[in-house]
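Asks: Below you will find the structure I want to go over with you.
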Amino acid sequence: MRSWRNQTLPARRAALADSESHFEEFGERGDAALRDLALAALIGDALQPIEDLAHLGRAWDEPFGGLAYYVRATAYSSRTATNFWGSVAKWDDDRIRVFAGLYGRNPQTRELSSMIPPEMETEFSDEQKEVLEAAEKATVRMLRTLLGSLGGDWRQFSPYYNAYKHGGLLVNREDVCWVDDEVDQVTDETIKHDPSLATWDLRDEEGAGRGDFALTSPEVADTVARAGWLALDLLDRFIESRSAIFEAVDFRPDGSVKGMKEMTLPWTIWLREAHLTAYQWKLLGRGPRITWRPDPAGSPS
Amino acid sequence: MAGFDCQDRGMQMALQLRHHDHDYIERLCGWPLYTHLRNAGPLADFRTAAVERAWSGYRRAEANSKPDAERGGLGLIVVQRALLAAEDLGRLLHAFDNENPWVAFRRAKIDDLDRAFAQAAANPEERLIQMGLLDSSALLDTDLPKSVREAALQLREITARQWSAQMHDSAGLWLTHAPLARATTHGFPVIAGELLTESPGAGELGEHAQIPDARPFAVVMISKVRDREVSTQLHTVHLDRRMVRTIRDLGRVAARLYGQLAELKANCLHVGQAGTVPLLFADRLGDNARLTLTREARRRSEPSGG
Numbered sequence: 000m001r002s003w004r005n006q007t008l009p010a011r012r013a014a015l016a017d018s019e020s021h022f023e024e025f026g027e028r029g030d031a032a033l034r035d036l037a038l039a040a041l042i043g044d045a046l047q048p049i050e051d052l053a054h055l056g057r058a059w060d061e062p063f064g065g066l067a068y069y070v071r072a073t074a075y076s077s078r079t080a081t082n083f084w085g086s087v088a089k090w091d092d093d094r095i096r097v098f099a100g101l102y103g104r105n106p107q108t109r110e111l112s113s114m115i116p117p118e119m120e121t122e123f124s125d126e127q128k129e130v131l132e133a134a135e136k137a138t139v140r141m142l143r144t145l146l147g148s149l150g151g152d153w154r155q156f157s158p159y160y161n162a163y164k165h166g167g168l169l170v171n172r173e174d175v176c177w178v179d180d181e182v183d184q185v186t187d188e189t190i191k192h193d194p195s196l197a198t199w200d201l202r203d204e205e206g207a208g209r210g211d212f213a214l215t216s217p218e219v220a221d222t223v224a225r226a227g228w229l230a231l232d233l234l235d236r237f238i239e240s241r242s243a244i245f246e247a248v249d250f251r252p253d254g255s256v257k258g259m260k261e262m263t264l265p266w267t268i269w270l271r272e273a274h275l276t277a278y279q280w281k282l283l284g285r286g287p288r289i290t291w292r293p294d295p296a297g298s299p300s
Numbered sequence: 000m001a002g003f004d005c006q007d008r009g010m011q012m013a014l015q016l017r018h019h020d021h022d023y024i025e026r027l028c029g030w031p032l033y034t035h036l037r038n039a040g041p042l043a044d045f046r047t048a049a050v051e052r053a054w055s056g057y058r059r060a061e062a063n064s065k066p067d068a069e070r071g072g073l074g075l076i077v078v079q080r081a082l083l084a085a086e087d088l089g090r091l092l093h094a095f096d097n098e099n100p101w102v103a104f105r106r107a108k109i110d111d112l113d114r115a116f117a118q119a120a121a122n123p124e125e126r127l128i129q130m131g132l133l134d135s136s137a138l139l140d141t142d143l144p145k146s147v148r149e150a151a152l153q154l155r156e157i158t159a160r161q162w163s164a165q166m167h168d169s170a171g172l173w174l175t176h177a178p179l180a181r182a183t184t185h186g187f188p189v190i191a192g193e194l195l196t197e198s199p200g201a202g203e204l205g206e207h208a209q210i211p212d213a214r215p216f217a218v219v220m221i222s223k224v225r226d227r228e229v230s231t232q233l234h235t236v237h238l239d240r241r242m243v244r245t246i247r248d249l250g251r252v253a254a255r256l257y258g259q260l261a262e263l264k265a266n267c268l269h270v271g272q273a274g275t276v277p278l279l280f281a282d283r284l285g286d287n288a289r290l291t292l293t294r295e296a297r298r299r300s301e302p303s304g305g
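Chains as they are written, first to last, in numbering that gives the first Met the number 0: chain G, 0 to 300; chain Z, 0 to 305.
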């Protein structure tokens, strides 16, 4: 998680910012092939954090039993992102709660348990319980919308991303034109269509292509860039939601555990100001604070 | 957030270019690949520029004394972009070593690329001939005037030497760093080195990773699942300035070589010849040989030149 925070997120942000500014500079002038490549590269750098989110999301929902959660994210499968984003629309609330880090799943039984320790829950007042529940519901509602949106972006743009990274398979506009399906012979009078971007299919035997004819290049750029930044924002929150528990551990210089520090469960990490009332924010803030008491048996708990 | 409807609609792509022998292109590589080869120059330029921009980002971070992990991450973007350029070249080499180059180009897997680069490094001459560099023996058999033939032979050898060296460099880049191509693109399972070396360390992970002297560095984790067993390989990658600059240079070499070989192949297909000697490195010839070849090239480009 610390590596994601300190190394990966800054790298992904820098790559997306670079591709975005390069497209803004060259995407609408100059050579058509270079313009297409600028757009394809922007799609590539915007979709990478969306794919990252799929790898991390799957790791925390379907970890390898008996191994640290992150290990699942290091096992490559070409289907991970497509399966993850393809299933998002069908997720139940529990799966979103796990994604949000509000609940954890037992790797063996897949049973769900809240990140709030049971002995702590009994100490909450009814009002506190209500606000925790309101925050939980708002998180589920918001993530359902945002993840659904990213799933749509993945479905729409991932074929261009794949074509760009695997051989730069953009269709050469100088050699090819696009006409309606029913056209038999292309003449000067034939209506031709101009895609914002077109790529060759990687798997099709004959080499069919895919093009976007609905949006202009700047619209595609704007859409994917916003999706990329959203994915980066969600990645940031995903990481913060998991880091709190590790950061509460007080290590000795040799790496052994000395004890636990007071921590705040980041229960509202996914929420924006408008998701709760001012009073609810005042009551809950970032989330419930946990102070660890010495275990009578003497171990740091 | 996306606010556009996405509908699938069938459409046809129509070719806008002609060739004196349509079937020849169809037989040798297929029209889609031919049009792709004709577009290789811009792709090579774009990949080169993308590597260069990433390198500038790395240097800026260095100049601003950014933390090791952040600088290392930016170094990994240089590596990723350099490897995209190498992958283009690997696909090209793999494609023309197959019966159906268009299918092979698009469907190449990591193992195919590894094999293509290993073979290219072992026998670059064979690959260059496959890509359209005229065979020396074929050149000797031509009925060109002796002075032209000798100059062409010289140029052919210079070209083969240059490209063979670049092939070795590109193969080295790919074969050394291929795990990073997948890792930096799919989920980024790469741990920043400082987290392994600084307190409190990284436990078992830190014990198994190879810790180099170079700073920054990173460790790539690649896990494979077989039956119910998970095995994880760790690859250490140096991300200090010297290494990142080397990778940037190799990425530029791979992009340039891809562009030049694809252009060579497209030219051969265009004129309907198995091989030719490009004038790319003519400036390395002596004055007489260069003049002889330039005159010959001019004569051939004239309408009655043959």
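Even for Gly, the Cβ is constructed at its ideal location relative to N, Cα and C.
So, using beta-carbon positions, are Z/R105 and G/H274 closer together than 9 angstroms?
Replies: Not in contact: Z/R105 and G/H274 (Cβ atoms no closer than 9 angstroms).
Asks: Count the other C-beta atoms from every protein chain shown that fall within 10 angstroms of the C-beta of Z/D110, then say buried if there are 16 or more, exposed otherwise.
Replies: Z/D110 should be labelled exposed.
Asks: What residues in its chain sit with their C-beta under 6 angstroms from that of Z/I190, if we drop five residues either side in the sequence?
Replies: The answer, listed in chain order, is V218.
Asks: Return helix, strand or coil for G/C176, following the three-state DSSP convention.
Replies: Correct three-state label for G/C176: strand.
Asks: So, G/A80 versus G/E61, is the Cβ gap smaller than 9 angstroms?
Replies: Result no, Cβ atoms of G/A80 and G/E61 do not sit closer than 9 angstroms.
Asks: Going straight from the alpha carbon of Z/L83 to that of G/L46, what length do you get?
Replies: When rounded, the distance between both Cα atoms is 16 angstroms.
Asks: Can you confirm whether the segment 67-80 of chain Z touches the segment 3-19 of chain G when touching is taken to mean that 3 or more C-beta pairs between the two stretches lie within less than 8 angstroms?
Replies: Yes, they touch.
Asks: Rounded to the nearest angstrom, what separates Z/M220 and Z/P188 at their Cα positions?
Replies: Between Z/M220 and Z/P188, the C-alpha separation is close to 6 angstroms.
Asks: Would you kindly report the start and end of the unbroken alpha helix (DSSP H) that includes G/F22?
Replies: Run containing G/F22: L8 to F25, per the alpha helix (DSSP H) assignment.
Asks: Take the Cβ of Z/D226 as the centre, count every other Cβ of all protein chains shown within 10 Å, and call the residue buried at 16 or more, exposed below.
Replies: The residue is exposed, with fewer than 16 neighbouring Cβ atoms inside 10 Å.
Asks: Under three-state DSSP, which class holds Z/F216?
Replies: Note: Z/F216 maps to strand in three-state DSSP.
Asks: Quick check on DSSP: helix, strand or coil for G/G210?
Replies: It is a strand residue.
Asks: Do G/E239 and G/R1 have their CB atoms nearer than 9 angstroms?
Replies: Not closer than 9 angstroms, so no.
Asks: Using a Cβ cut-off of 9 angstroms, pull out every chain G residue sitting near Z/M242, in sequence order please.
Replies: The contacting residues do not exist; Z/M242 stays about 16 angstroms from chain G at best.
Asks: Could you tell me the distance, in whole angstroms, from the CA atom of G/E19 to the CA atom of G/L41?
Replies: Computed Cα separation, rounded: 6 angstroms.
Asks: Counting only C-beta atoms, is Z/V189 closer than 9 angstroms to chain G at any point?
Replies: By this cut-off, Z/V189 is an interface position.
Asks: Are there three or more Cβ pairs, one per stretch, closer than 8 angstroms when the segment 255-265 of chain Z is compared with the segment 40-49 of chain Z?
Replies: Flag = yes, the segment 255-265 of chain Z and the segment 40-49 of chain Z touch.
Asks: Taking the beta strand (DSSP E) that G/W269 belongs to, which residues open and close that run?
Replies: No beta strand (DSSP E) holds G/W269; DSSP gives it neither H nor E.
Asks: Smallest Cα separation from G/A247: which of G/V70, G/S86 and G/E261?
Replies: Residue G/E261 is the option with its Cα nearest to G/A247.
Asks: How would you call G/D183, buried or exposed, if buried means at least 16 neighbouring beta carbons within 10 angstroms?
Replies: The residue in question, G/D183, is exposed, as its Cβ has fewer than 16 Cβ neighbours within 10 Å.
Asks: Report yes or no: is there a C-beta of chain G within less than 9 angstroms of the C-beta of Z/H19?
Replies: No - not a single Cβ of chain G is within 9 angstroms of the one on Z/H19.
Asks: Distance cutoff 9 angstroms, beta carbons only. Does Z/S222 sit that close to anything in chain G?
Replies: Chain G, which has a Cβ nearer than 9 angstroms to the Cβ of Z/S222, makes this yes.
Asks: Classify G/L66 as buried or exposed, calling it buried when 16 or more other Cβ atoms lie within 10 Å of its own Cβ.
Replies: Exposed: under 16 other Cβ atoms inside 10 Å.
Asks: Would you kindly report the start and end of the unbroken alpha helix (DSSP H) that includes G/G85?
Replies: Note, G/G85: alpha helix (DSSP H), T79 to S86.
Asks: Taking the C-alpha atoms as reference points, what is the distance between Z/A119 and Z/I210?
Replies: Taking the straight line joining both Cα atoms gives about 32 angstroms.
Asks: Return the CA-CA distance between Z/W101 and Z/A39, expressed in angstroms with no decimal places.
Replies: The alpha-carbon atoms of Z/W101 and Z/A39 are separated by roughly 15 angstroms.
Asks: Which runs of the alpha helix (DSSP H) fall wholly inside the segment 6-63 of chain Z and span at least 4 residues, in chain order?
Replies: Entirely contained in the segment 6-63 of chain Z, the alpha helix (DSSP H) runs reaching 4 residues are, in chain order, 21-27, 30-37 and 39-62.
Asks: Opposite Z/V236 in the DSSP bridges: which residues?
Replies: Its beta-bridge partners are Z/A217.
Asks: With a cut-off of 9 angstroms, does the C-beta of G/I240 fall near any C-beta of chain Z?
Replies: The amino acid at residue 240 of chain G is misidentified as Ile; the sequence shows Ser. G/S240 does not count as touching chain Z.
Asks: List the residues of chain G that Z/I76 touches, going by C-beta distances under 7 angstroms, in chain order.
Replies: Within 7 angstroms Cβ-Cβ: A10, A13 and A14.
Asks: In chain order, what residues of the segment 59-80 of chain G put their CB closer than 7 angstroms to some CB of chain Z?
Replies: Answer set for the segment 59-80 of chain G: F63, L66, V70, A72, T73, A74 and Y75.
Asks: Can you tell which of Z/Q272, Z/C28 and Z/W162 has its C-alpha closest to the C-alpha of Z/F280?
Replies: The residue with the shortest Cα to Cα distance from Z/F280 is Z/W162.
Asks: What is the DSSP secondary structure of Z/H185, reduced to helix, strand or coil?
Replies: DSSP places Z/H185 in coil when its eight states are reduced to three.
Asks: Can you find a C-beta in chain G that's less than 9 angstroms from the C-beta of Z/D87?
Replies: By this cut-off, Z/D87 is an interface position.
Asks: Going by DSSP, what residue range makes up the alpha helix (DSSP H) through Z/L138?
Replies: S135 to L139 is the span of the alpha helix (DSSP H), which, as asked, contains Z/L138.
Asks: For G/F245, count neighbouring C-beta atoms within 10 Å of its own C-beta (all shown protein chains included) and say buried if the count is 16 or more, exposed if not.
Replies: Burial call: exposed.
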